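Colleague: Before I ask anything, here is the structure I am working with.
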Amino acid sequence: MTHDKTAKDRKTRALIAVLTLSLGLTLAPSHAAQSTEAPQAMTTPATSDTLSAKQQTIPLIAAFMATSDMPRLNAALNHGLDAGLAISEAKEILVQLYAYVGFPKSLNALGELLKVVEERKQRGIQDAPGDEPSRAIPTGDELVAVGRANQTRISGAPVTGPVMDFAPVINQFLQAHLFGDIFERDNLDWQSRELATVGALAATPGVEAQLLSHTRASMRVGLSAAQLRQVAQVLAERGDEQAAERASAALTKALAAAPGR
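Written out as structure tokens, the structure is:
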């Protein structure tokens, strides 16, 4: 009976992980540093006040994927490729976002990207294929350690809190998979990953707390407040006014709580 109970427990934990993985980092409270460990000062300094043309397309791609707006996603993907986004970078954005908006939307968006790439080939457009990750992704305990370090850097401190205590398996999967398997893939930089996450969350009602967390994370990985204001502007002009308002509100809150203010 003990063996049967253990097997049942393992199946239950696996089911919980599958159901909760799509929430990604967003389950971490914005005041996540309740650990006794000291926060690590690993913020990357911002180097620009404006988004490049390529960067501007990323939150739009993410927002239209999150809302399953396929005609506008098609246009945004075309604009992204025109602006210099490599095919591998576009794929990486859409793959990563399954952790925030779910597998079905990710799969549908990848299908749309495939259609866009094929249509562009037929028109004689040869888009840059891009790169695969340059290094092997760790496995086992090393993967968890790398993922925990990435999570701490992006979150600003070790992630703890009531939700993690209540369902510790979610943090195990966050560290091993989202921040390990996905964020260790170096064929898309962290600024681009956060631009995608902010765009997707801004387009999703009801996840304002998680949008705030990722707005803060965006500044930790080197995006400036001016660039994040531009994200809201781009969403307002070419995306969704409500998404733009949520992005702007999150930035206002993040700046109000920033050290020195």
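Here the sequence shown stands for residues -32 to -1, 1 to 229, numbered as in mature numbering (1 follows the signal peptide of the UniProt record, and there is no 0).
Using N, Cα and C, we set each Cβ at its ideal position, and we do this for glycine too.
Please read these numbers as outputs of a predicted model, since none were measured by experiment.
Judging by CA-CA distance, which residue of Ala113, Asp157 and Ser160 is the nearest neighbour of Phe141?
Modeller: It is Ala113 whose Cα lies nearest to the Cα of Phe141.
Colleague: Excluding the five sequence neighbours on either side, which residues of its own chain have a C-beta within less than 6 Å of the C-beta of Val69, listed in chain order?
Modeller: Taken in chain order, the residues that qualify are Ala34 and Ala168.
Colleague: Since Gly115 contacts Ala144 with CB under 8 Å, what's their CB separation in whole angstroms?
Modeller: Between Ala144 and Gly115 the Cβ distance is about 5 Å, and since that is below 8 Å, they are a contact.
Colleague: For Ile26 and Leu219, which I take to be in contact (beta-carbon distance under 8 Å), what is that distance rounded to the nearest angstrom?
Modeller: About 16 Å separates the two Cβ atoms, so there is no contact after all.
Colleague: Can you find the residues in the same chain that come closer than 7 Å, C-beta to C-beta, to Val202, ignoring five residues on each side of it along the sequence?
Modeller: Cβ within range, chain order: Gln24, Pro27 and Leu28.
Colleague: Alpha carbon to alpha carbon, how far is Glu57 from Leu156?
Modeller: The alpha-carbon atoms of Glu57 and Leu156 are separated by roughly 6 Å.
Colleague: Verify whether the separation of the beta carbon atoms of Phe32 and Ala44 is less than 8 Å.
Modeller: Yes, these two residues count as a Cβ contact at 8 Å.
Colleague: Using 10 angstroms around the beta-carbon of Asp154, count the other beta-carbons present and answer buried if the total reaches 16, otherwise exposed.
Modeller: Burial call: exposed.
Colleague: Out of Ala77, Asp50 and Ala51, which one is the CA nearest neighbour of Leu62?
Modeller: Of the candidates Ala77, Asp50 and Ala51, the one whose C-alpha sits nearest the C-alpha of Leu62 is Ala77.
Colleague: Can you tell me where the alpha helix (DSSP H) holding Glu100 begins and where it ends?
Modeller: Taken as a continuous stretch (DSSP letters only), Glu100 belongs to no alpha helix (DSSP H), as it is neither H nor E.
Colleague: Smallest Cα separation from Pro72: which of Ala204, Gly92, Ser36 and Leu41?
Modeller: The candidate whose alpha carbon is nearest that of Pro72 is Ser36.
Colleague: Since Asp149 and Ile93 should fall inside the 8 Å C-beta cutoff, what is the C-beta to C-beta distance between them, to a whole number of angstroms?
Modeller: In fact, because the Cβ distance is near 32 Å, the residues do not count as touching under 8 Å.
Colleague: Which residue's Cα is closest to the Cα of Ala51: Met187, Ala96 and Gly174?
Modeller: It is Ala96.
Colleague: Whose C-beta lies closer than 6 Å to the C-beta of Gln210 among residues of the same chain, with five residues either side of it excluded?
Modeller: Closer than 6 Å at Cβ, skipping near neighbours: no residue.
Colleague: Taking the beta carbon of Leu82 as the centre, do at least 16 other beta carbons fall within 10 Å, making it buried, or is it exposed?
Modeller: Exposed, by the Cβ-count rule.
Colleague: Comparing alpha-carbon positions, which option in Lys221, Ser74, Val199 and Leu180 lies nearest Leu19?
Modeller: Selected option, being the one with the closest Cα: Val199.
Colleague: At what residues does the alpha helix (DSSP H) containing Gln210 begin and finish?
Modeller: That run of the alpha helix (DSSP H) goes Glu209 to Ala224.
Colleague: Would you report the Cα separation of Thr120 and His182, rounded to the nearest angstrom?
Modeller: Near 13 Å, if we compare the C-alpha coordinates of His182 and Thr120.
Colleague: For Ala14, which residues in the same chain have their Cβ closer than 6 Å to its Cβ, ignoring the five residues on either side in sequence?
Modeller: Taken in chain order, the residues that qualify are Gly190 and Ser192.
Colleague: By the three-class DSSP mapping on this structure, what secondary structure does Glu176 have?
Modeller: Here Glu176 sits in helix by DSSP.
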